[in-house]
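Trainee: In this note's numbering, the protein residues as written are 10 to 232.
A virtual CB, placed ideally from N, CA and C, is assigned to each residue, including glycine.
#1: Helix, strand or coil for residue 98, going by three-state DSSP, please let me know.
#2: Can you find the residues in the same chain that come closer than 8 Å, C-beta to C-beta, to residue 142, ignoring five residues on each side of it along the sequence?
#3: For residue 13, name the three-state secondary structure that DSSP assigns.
#4: Do three or more CB pairs link the stretch 182-192 to the stretch 136-153 at distances below 8 Å?
#5: Considering only their Cβ atoms, is the gap separating residue 91 from residue 78 smaller than 9 Å?
#6: With DSSP run on the structure shown, which of helix, strand or coil describes residue 188?
#7: Straight-line CA distance for residue 203 to residue 154?
#8: Would you call residue 198 buried or exposed, if buried means 16 or more other Cβ atoms sit within 10 Å of its Cβ?
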């Protein structure tokens, strides 16, 4: 903030905007660097499951296949032979599965990194951040313009309401000057309001009439 104040006092408005754009760009880069660090941490966490040296799993035993050969006379012959397979405990299989899964993840990340060009990827990231910064700047300007238009519309509405109020009072005075009796004035003016309501329901003219009638009722209750 101190730097911004200094820039405002010594440089043009354009310079200040350029400074803010650079700051936004640096912030976006910092966010991206944070994401890279997160990926590195994930990679390290996965790598911990991969042993630093060759894995040696001692099998529980060798698998033996038993074959029974029936004989016409006497006991059947029983033949046992090794199948070439090994039997592992459930804990050993779980350990092996964890290591294989981690190794596959590391291999995929390695292949992805090998296929990437760091310079090109960095330029792409910078371009993406720059585009987002420009979009943000444009949105801020559009928001500022909309706020300005909104203020202008509010001022215009205020002026129109004031003009309708003057017309309302002029119409009421016109009816009073040309109509005898308070009740007759009220009836004629009500007919005028009804005609306005038919052409433009919910108008400011009708709103003023309702507000005036409400005030008259309040005064009548106070008496």
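Mentor: Judging by the given coordinates:
#1: coil
#2: 30, 33, 34, 37
#3: Confidence at residue 13 is low in this model, with a pLDDT of 43, below 50, so the placement of that residue is unreliable and no value is reported for it.
#4: no
#5: Going by C-beta atoms, residue 78 is not nearer than 9 Å to residue 91.
#6: coil
#7: 40 Å
#8: buried
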